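Novice:
Residue numbers (my numbering): 7 to 136.
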């Protein structure tokens, strides 16, 4: 949407970044971060409620999303679990190995720059001739 040399854009997808803990503080200096886990190799038939209930033991789960990933070699699902605090996400990560629905799953600690639904990025394009 462009009007009067003002362009308004919203973020379409959330970015999940997996990096060593020692680098998270540097990223946190520039962005407000949300902390979570990406869980791979889940049983295809598990739902968000089951995954949320499993990780509730380590803290307040603020979001949980399960995606089906049918590949040629195996039918598995993956999930993103977001926690209220960094400490809760760390405790859940360190508590591994995790067995959910009878299978050992692969858990990766991730951060994501915080984006609210109403947040807009506005850039003003000024012409040098105006």
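Glycine is no exception: its CB is placed at the ideal position from the N, C-alpha and C atoms. Because the structure is a prediction, the values reported are computed rather than measured.
Would you kindly work out how many angstroms separate the C-alpha atoms of residue 112 and residue 44, rounded to a whole number?
Specialist: As a working note, residue 112 is residue 106 in the chain shown. As a working note, residue 44 is residue 38 in the chain shown. Going by the C-alpha atoms only, they are around 8 Å apart.
Novice: What three-state label does DSSP hand residue 21 in the structure shown?
Specialist: As a first step, residue 21 must be located in the chain shown, where it is residue number 15. DSSP places residue 21 in coil when its eight states are reduced to three.
Novice: Give the DSSP-derived three-state secondary structure of residue 16 in the structure shown.
Specialist: Counting from one through the chain shown, the residue named residue 16 turns up at place 10. For residue 16, the predicted model reports a pLDDT of 49, less than 50, meaning its position is unreliable; a value from the coordinates is still stated below. Coil at residue 16, not helix or strand.
Novice: Determine the closest residue to residue 94 out of 85, 107, 56, 68, with distance taken between C-alpha atoms.
Specialist: Within the chain shown, the letter at position 88 stands for residue 94. Among 85, 107, 56, 68, the Cα nearest to that of residue 94 is on 68.
Novice: Since residue 109 contacts residue 83 with CB under 8 Å, what's their CB separation in whole angstroms?
Specialist: Locating residue 109 in the chain shown gives position 103, where the first residue counts as 1. Locating residue 83 in the chain shown gives position 77, where the first residue counts as 1. The pair is not a contact, with the Cβ atoms about 10 Å apart (cut-off 8 Å).
Novice: Does DSSP classify residue 58 as helix, strand or coil?
Specialist: Here residue 58 refers to the residue found at position 52 of the chain shown. The answer is helix: DSSP assigns residue 58 an H, G or I state.
Novice: With residue 29 and residue 107 assumed to form a contact (beta carbons below 8 Å), what rounded beta-carbon distance in angstroms separates them?
Specialist: Walking along the chain shown from the start, residue 29 turns up at place 23. Walking along the chain shown from the start, residue 107 turns up at place 101. In fact, because the Cβ distance is near 32 Å, the residues do not count as touching under 8 Å.
Novice: With residue 94 as the anchor, note down where its alpha helix (DSSP H) starts and where it stops.
Specialist: The residue given as residue 94 occupies position 88 in the chain shown. First-last of the alpha helix (DSSP H) with residue 94: 92-100.
Novice: Considering Cα atoms alone, identify which of 64, 119, 47, 73 is closest to residue 100.
Specialist: Numbered from 1 along the chain shown, position 94 holds the residue referred to as residue 100. Out of 64, 119, 47, 73, 64 has the C-alpha closest to the C-alpha of residue 100.
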